[in-house]
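See below for the structure under consideration.
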Amino acid sequence: MLILLMSTVLLIPAPAVSAVGQKPAEWENQERAANTDGFEIENGVLKKYTGKAEHVEIPGTVTSIGDLAFSECENLKSVVIPGTVKSIGNSAFYGCETLTDVVLSEGVESIGSFVFYASGIKSVAIPGSLKKVTDSAFMACKSLKRVTMAKGVKELGSAVFNGCSSLEDVEIAETVTVIGSKAFSSCTSLKSITIPKGVRTIGNIAFQMCTNLTSVFIPETVTEMGNDVFKNCSKLTVYGKKGSYIESWAEKNKIPFGNVKNISGCKITVNPDSYIFDGKEKTPEVTIKDGSETLKEKTDYMLEYRNNINPGTARVIVTGKGKYTGTAEETFTIKEKDKKYQTLDYRKSYDKTYGDKDFKLNVKVKRGDGSLTYKSSDKKVVTVDSKGKVAVRGTGIAIITVKAKETENYSAKSVKITVKVKPAKESIKPLNVQNGKKLKVTWKKDKRATGYEIQYSTDSKFKDKKVTESISVKNKNITSKTISKLKEGRKYYVRVRSYKTVKVNGKSQKLYGKWSDRKSAKI
14 MLILLMSTVL
24 LIPAPAVSAV
34 GQKPAEWENQ
44 ERAANTDGFE
54 IENGVLKKYT
64 GKAEHVEIPG
74 TVTSIGDLAF
84 SECENLKSVV
94 IPGTVKSIGN
104 SAFYGCETLT
114 DVVLSEGVES
124 IGSFVFYASG
134 IKSVAIPGSL
144 KKVTDSAFMA
154 CKSLKRVTMA
164 KGVKELGSAV
174 FNGCSSLEDV
184 EIAETVTVIG
194 SKAFSSCTSL
204 KSITIPKGVR
214 TIGNIAFQMC
224 TNLTSVFIPE
234 TVTEMGNDVF
244 KNCSKLTVYG
254 KKGSYIESWA
264 EKNKIPFGNV
274 KNISGCKITV
284 NPDSYIFDGK
294 EKTPEVTIKD
304 GSETLKEKTD
314 YMLEYRNNIN
324 PGTARVIVTG
334 KGKYTGTAEE
344 TFTIKEKDKK
354 YQTLDYRKSY
364 DKTYGDKDFK
374 LNVKVKRGDG
384 SLTYKSSDKK
394 VVTVDSKGKV
404 AVRGTGIAII
414 TVKAKETENY
424 SAKSVKITVK
434 VKPAKESIKP
444 LNVQNGKKLK
454 VTWKKDKRAT
464 GYEIQYSTDS
474 KFKDKKVTES
484 ISVKNKNITS
494 KTISKLKEGR
504 KYYVRVRSYK
514 TVKVNGKSQK
524 LYGKWSDRKS
534 AKI
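In this note's numbering, the protein residues as written are 14 to 536.
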């Protein structure tokens, strides 16, 4: 079945394309050939384009472009070839002199000989899906200035860029292993080229008549070079590793040889060498000098930045290129942003008694804007909520940490507030006078105490130390004590208090509750 649709669309030019599969943004707002306008399609094969559009996008239904399909199209200026197209036939765009922009999308797997012969293409990005760039594919494209290749391309065919007299910039994919004969022959604008590691073979007269070629950098992986690879390249110096196959080949072919140096032997300066953290990627300027010579990025070396966003030590990885090899590393720092200190208005300590009502800490941020958080070191003694309200839960000492959170302009600030909770006031029963000048004291058990202290005296105010005695009861479960050896006829006053033993800085300390009301009895 043959589909034939004809249409003419006049359009404005599109800009140059340099990225694999990327069509210029401007095209979205331009009129271009509809998916079937002027296309003769048979079983997914685009047999012929007869339209007059300047900007064409191949329909997604097309899987193959046939031989000579667009040859000598007089109006064609740009074309997008989608990834659905797997193959492009011989001479498909042969002689399209007005064709300046081509998008070869990832997915294109093969192209025929002379496919873009003598077209007006200015730059081309070859996708990694195209394993071999076929013989003479871009031959005589005299406007072609730049060629890039994605990882995946393995072979450059014979005469693939032969006669591309404007070609200045070539980036050969690191996956390429073979450069065919005459591949870059008569590329008279080419001044320098780097053969990537991985290339093993360079064919006969691959660079013949590259009359302005001054430097070619060839890796150790190259072990086979054809005859007259650099014939009539009178300005050329070949660079490689000393003692390698390349050096002996250059000597044999009477071509000047330059030793490739290790980049680590050069002076590397990173400026600036420190930044203040702001959440953005940092890429300081890198200057590399080999003696008095300043090296050029992408010509002599490549840069890679690592760990260059967050605070800490960032790295710059320098990888030699061209006449430099090896890697070197420099570092720079990303510092935390200098922030102001927050200050808090607060009370350092509170003395409370078990049974007291809840209370607020009333901490205020005096300078700063951080929100406050609260945390108790011992929730069995006190708890504290998110608003700084404290509830007494037991006896002892707890430390409440109050923290003003870090903000954009202020660093975090923490303070500690000590809360001591003493046992509740003790209560005692009436005294029991016993035979033998004895007095039995009974009190209420305090399960939150460690023990009790009893005082008895003939002084009702317990101030006269000569007649005042104290007895310690170290077991909280004991709730009575008999006092003996009292003097007959004397009136004795007795009071009791409980205590809690706590550790402060590794030392024991007693927190005493209030004395009970006094009781008295006459012996």
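Using N, Cα and C, we set each Cβ at its ideal position, and we do this for glycine too.
Extract the residue ranges of the beta strand (DSSP E) inside the segment 321-377, only unbroken runs of 3 or more that lie entirely within it. 325-333, 340-348, 356-358 and 362-366
Taking all protein chains shown into account, decide if E44 is buried (16 or more other Cβ within 10 angstroms of its Cβ) or exposed. Only weak support is given to the placement of E44: the predicted model assigns it a pLDDT of 40, under 50, and the value that follows is read from those uncertain coordinates. E44 is exposed by the Cβ-count criterion.
What residues are listed by DSSP as bridge partners for G3? Residue numbering for the chain in the displayed model covers 14 to 536; residue 3 lies beyond these limits and cannot be assessed.
In angstroms, rounded to a whole number, what distance separates the CA positions of E39 and H68? Any reading at E39 must be qualified, since the residue scores a pLDDT of 45, below 50, and its modelled position is unreliable; the value itself is stated next. Answer to the nearest angstrom: the Cα atoms are 12 Å apart.
Does S277 come out as helix, strand or coil in the three-state DSSP assignment? helix
Which residue or residues does DSSP assign as beta-bridge partners of M238? I215
So, are the CB atoms of V273 and K254 less than 8 Å apart? yes
Which residues DSSP lists as bridging N284, in chain order: E298
Would you kindly work out how many angstroms separate the C-alpha atoms of A47 and Y252, rounded to a whole number? Model confidence at A47 stands at a pLDDT of 39, short of 50, so the residue's coordinates are unreliable; what they give is reported in the following sentence. As the crow flies, the alpha-carbon of A47 is around 51 Å from that of Y252.
Can you say whether V137 is buried or exposed, counting buried as having 16 or more other CB atoms within 10 angstroms of its CB? Residue environment: V137 is assigned as buried (16 or more neighbouring CB atoms within 10 Å of its CB, all protein chains considered).
Does the beta-carbon of M19 have 16 or more other beta-carbons within 10 angstroms, so that it is buried, or is it exposed? With a pLDDT of 34 at M19, under the threshold of 50, the modelled position of this residue cannot be trusted; read the value that follows with caution. Flag for M19 reads exposed.
Would you mind working out which of S77, E87 and L81 sits nearest S123, comparing C-alpha positions? S77
Can you find the residues in the same chain that come closer than 6 Å, C-beta to C-beta, to S171, ignoring five residues on each side of it along the sequence? D148, G193, S194 and K195
Return yes when the Cβ of G381 is within less than 8 Å of the Cβ of K393, no when it is not. no
Under DSSP, the alpha helix (DSSP H) around K265 begins and ends at which residues? Y258 to K265
Just checking my contact of V160 with F174 at CB under 8 Å: how many whole Å lie between their CB atoms? 7 Å
Leaving out five residues on either side along the sequence, give the residues of the same chain with a beta carbon under 7 Å from the beta carbon of E41. Annotation note: pLDDT 46 at E41 (below 50); position unreliable, coordinate value reported separately. The answer is none, since no qualifying residue turns up.
Look at the alpha carbon of T74 and the alpha carbon of E237, and state the distance between them as a whole number of angstroms. 43 Å
In whole angstroms, give me the CA-to-CA distance for S132 and N88. 12 Å
Is the shortest distance between the beta-carbon of N275 and the beta-carbons of chain C less than 8 Å? Of the protein chains in this structure there is only one, and it is not chain C.
Other residues of its chain near E85: CB distance less than 6 Å, five sequence neighbours each side excluded: G108
Would you grab the beta carbon distance between E119 and S142 for me? Rounded to a whole angstrom, and I think it's under 8 Å. 5 Å
Going by DSSP in three states, K145 sits in which element: helix, strand or coil? K145 falls in the strand class under three-state DSSP.
Among Y363, I347, P297 and R360, nearest to S331 - alpha-carbon criterion: Looking at the sequence shown, residue 331 is not Ser but Val. Put simply, of Y363, I347, P297 and R360 the residue whose alpha carbon is nearest the alpha carbon of V331 is P297.
A105 vs L81 beta-carbon contact at 8 Å: yes
Within 10 angstroms of its Cβ, does V329 collect 16 or more other Cβ (buried), or is it exposed? Within a 10 Å sphere around the beta-carbon of V329 sit 16 or more other beta-carbons, which makes this residue buried.
Residue span of the beta strand (DSSP E) that contains Q522, given as start and end: K520 to Y525
What residues in its chain sit with their C-beta under 8 Å from that of G502, if we drop five residues either side in the sequence? K535 and I536
Touch test, the segment 364-383 against the segment 397-415, Cβ-Cβ under 8 Å, three pairs minimum: Contact between the segment 364-383 and the segment 397-415 is established, with three or more Cβ pairs separated by less than 8 Å.
Output the residue ranges of the beta strand (DSSP E) runs that lie fully inside the segment 185-216 and measure 3 residues or longer, sorted by chain position. 205-207
According to DSSP, is K458 part of a helix, a strand, or is it coil? K458: coil per DSSP, three-state reduction.
If you count every other CB in all the chains shown that lies within 10 Å of the CB of P26, and 16 or more means buried, which is it? At P26 the pLDDT is 32, less than 50, meaning the model places this residue with poor confidence; the figure from the coordinates comes in the next sentence. The residue is exposed, with fewer than 16 neighbouring Cβ atoms inside 10 Å.
Taking only heavy atoms of the ligand ATP into account, decide whether any of them is closer than 7 Å to the Cβ of F127. Among the ligands in the structure shown, none appear at all, so the ligand ATP cannot be discussed.
In angstroms, rounded to a whole number, what distance separates the CA positions of T344 and V229? Cα to Cα, the separation comes out at about 31 Å.
Could you tell me if Q522 is buried or exposed, where buried requires 16 or more neighbouring beta carbons within 10 angstroms of its beta carbon? exposed
Please report how far the alpha carbon of K210 lies from the alpha carbon of V92, in whole angstroms. 33 Å
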